[in-house]
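What follows is a short report on a single structure.
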């Protein structure tokens, strides 16, 4: 998997959410991670939300889109309590 992102968006995301896109990319390697379609943000392109654990053992939600052979990360944040329960129950 190849990951791409906008460097300025990545800096802003780190400040706002405390999650780097480098760390967020590691959640795609979580065998228990799951992805769902994000209809609320898919007007211009199909977007998806991945819920998974990073290499730092943090549970995160990563908004992303697929472009050719790349995964383009749009945003990443720490999972909410409800999302953590969903991850634990699935």
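In our numbering, the protein residues as written are 63 to 152.
Where is the CB? At the ideal position from N, CA and C, for every residue including glycine.
Separation of residue 133 and residue 81 (C-alpha to C-alpha, rounded to the nearest whole angstrom) is 17 Å. Distance from the CA of residue 147 to the CA of residue 138, rounded to the nearest whole angstrom, comes to 18 Å. Beta-carbon to beta-carbon, residue 111 and residue 125 are separated by about 6 Å, close enough to satisfy the 8 Å threshold. CA-CA distance, residue 84 to residue 99, rounds to 22 Å. Counting along the chain, residue 151 sits inside the alpha helix (DSSP H) bounded by residues 143-151. Annotated as proximal: residue 65 and residue 87, with beta-carbon spacing under 7 Å. Residue pairing from DSSP places residue 99 in a beta bridge opposite 110.
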